[in-house]
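Remember, my numbering sits 48 above the position in the sequence shown when you count from 1.
Glycine included, each C-beta is placed from N, C-alpha and C at the ideal position.
Remember, predicted model here, so these are calculated numbers, not experimental data.
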Amino acid sequence: MREPYPSETQDRFMVRLPDGMRDKIKAAAEAANRTMNGEIVARLEASFREDFGVPDFVTPDLVKQVKVLGEELETVRAQVRVLEIRTGGQE
Numbered sequence: 049m050r051e052p053y054p055s056e057t058q059d060r061f062m063v064r065l066p067d068g069m070r071d072k073i074k075a076a077a078e079a080a081n082r083t084m085n086g087e088i089v090a091r092l093e094a095s096f097r098e099d100f101g102v103p104d105f106v107t108p109d110l111v112k113q114v115k116v117l118g119e120e121l122e123t124v125r126a127q128v129r130v131l132e133i134r135t136g137g138q139e
């Protein structure tokens with residue numbers, strides 16, 4: 049007998065949607081290149097992040113980019129300190 053797919057072992061939950069909601073979810077999922085299930089899960093996850101004060105626009109990619117920019121800023125600050133030492137702090 050085959051092993052079940054991971055999706056077959058995950059929790060399932062039936063939900064009733066108001067008229068028109070399914071079409072909105074479908075359109076949003078297509079725009080984000082996700083399945084409808086993926087869209088619903090992403091939106092639920094975003095709502096939980098908001099509960100803890102993290103805006104929904106904060107994505108893992110954005111966090112990574114901010115970290116890289118912070119590292120670059122530290123490099124520039126170190127270079128400025130070196131130049132200040134070499135020039136005696138003159139502008």
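Proximal residues to residue i (C-beta, below 7 Å), its chain only, five neighbours per side dropped
i      : result
Ala77  : Thr83, Met84, Gly86 and Glu87
Glu120 : none
First and last residue of the uninterrupted alpha helix (DSSP H) at residue i
i      : result
Met69  : Met69 to Ala79
Leu117 : Pro108 to Thr135
Pro54  : Pro54 to Thr57
Close beta carbons around residue i, own chain, < 6 Å, minus the five adjacent residues each side
i     : result
Ile73 : Met84 and Glu87
Cβ-based neighbour list, residue i, same chain, cut-off 8 Å, excluding 5 preceding and 5 following
i     : result
Val89 : none
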